[in-house]
Amino acid sequence: QERERAMLELHGIADTIDEAPSMVSKCLEDMHTELERLTLSTTSAPPSNPNRNINVTSYRKAITLNRSWVFSTEFRILFLRAERFDPILAAQKMIRYFHLKEDLFGVSSLCQPKTLLQDMSPKAIQILELGGWQVLPGRDQGGRAIVFGAEKRIQKFRTSPEDVKAAVRVSLVFFVISIRTRTNKSR
Numbered sequence: 008q009e010r011e012r013a014m015l016e017l018h019g020i021a022d023t024i025d026e027a028p029s030m031v032s033k034c035l036e037d038m039h040t041e042l043e044r045l046t047l048s049t050t051s052a053p054p055s056n057p058n059r060n061i062n063v064t065s066y067r068k069a070i071t072l073n074r075s076w077v078f079s080t081e082f083r084i085l086f087l088r089a090e091r092f093d094p095i096l097a098a099q100k101m102i103r104y105f106h107l108k109e110d111l112f113g114v115s116s117l118c119q120p121k122t123l124l125q126d127m128s129p130k131a132i133q134i135l136e137l138g139g140w141q142v143l144p145g146r147d148q149g150g151r152a153i154v155f156g157a158e159k160r161i162q163k164f165r166t167s168p169e170d171v172k173a174a175v176r177v178s179l180v181f182f183v184i185s186i187r188t189r190t191n192k193s194r
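Per this note's numbering: the sequence shown = residues 8 to 194.
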């Protein structure tokens with residue numbers, strides 16, 4: 008049953024969640040509470056605490072740089088939808104998002120909803136110009152953006168170390184998705 012549910016989700020035909028305003032409001036409130044708990048618990052947590060490994064520094068910086076965006080309902084609901092309205096998982100995903108965004112694009116990227124071309128490394132821009140990563144114009148059955156990667160087009164960059172390749176690929180996907188998935192029902 009779990010495998011079937013995963014396959015349905017993968018193909019965009021899983022059970023949809025009724026986004027009743029009261030349910031969404033409660034999940035947003037619970038997510039906010041979890042974000043506060045994580046932010047506080049990681050600063051004073053003993054080394055044995057599992058929350059100790061969650062890096063909230065980038066999340067805190069983002070709040071300082073653009074509080075209205077970080078706390079906006081439209082932004083937070085993206086994480087809730089991605090985690091099927093599980094507020095704890097959504098809070099953790101949001102914190103990881105800011106950590107990854109700062110790691111890939113620097114502190115200045117934390118204050119803007121979209122990742123800009125100027126935030127990318129020259130090598131990432133070269134790969135983007137090759138057309139190796141694209142967001143297809145349509146959506147899947149679940150309404151999600153479809154990201155297509157043509158590895159053959161970027162193979163000439165395979166001589167770089169593994170971590171650089173991974174960072175470039177992730178930054179490209181991050182950039183393309185942030186530009187093309189700004190709809191009300193993005194997943």
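We put the CB at the ideal spot given by N, CA and C, even for glycine. Computed from a predicted model, the values in this text were never measured in an experiment.
C-beta contact flag for PHE105 and LEU87 at 8 Å: In this structure, the beta-carbon distance from PHE105 to LEU87 does not fall below 8 Å.
Through-space distance from LYS130 to GLU41, alpha-carbon basis: About 37 Å.
CB-CB length for ILE61 against GLN99, believed under 8 Å: Contact between ILE61 and GLN99 holds: CB atoms are separated by about 7 Å, below the 8 Å threshold.
Cβ-Cβ distance between VAL63 and ALA69 below 8 Å: No, these two residues do not count as a Cβ contact at 8 Å.
Distance, MET30 Cα to MET38 Cα: Roughly 12 Å separates the two Cα atoms.
Where LEU96 sits in the DSSP three-state scheme: It is helical.
Three-way DSSP call (helix, strand, coil) for ILE153 in this model: In this structure, DSSP gives ILE153 an extended state, which the three-state scheme calls strand.
Euclidean distance between Cα positions of SER55 and THR46: In this prediction, SER55 scores a pLDDT of 49, lower than 50, which makes its location untrustworthy; no coordinate-derived value is stated.
Three-state class that DSSP yields for PRO28 in the structure shown: Helix at PRO28.
Candidates ILE102, MET127, ARG44 and MET101, of which the one nearest LEU111 by Cα: Considering only alpha carbons, the answer is MET127.
Bridge-paired residues (DSSP) for GLN141: Its beta-bridge partners are PHE155.
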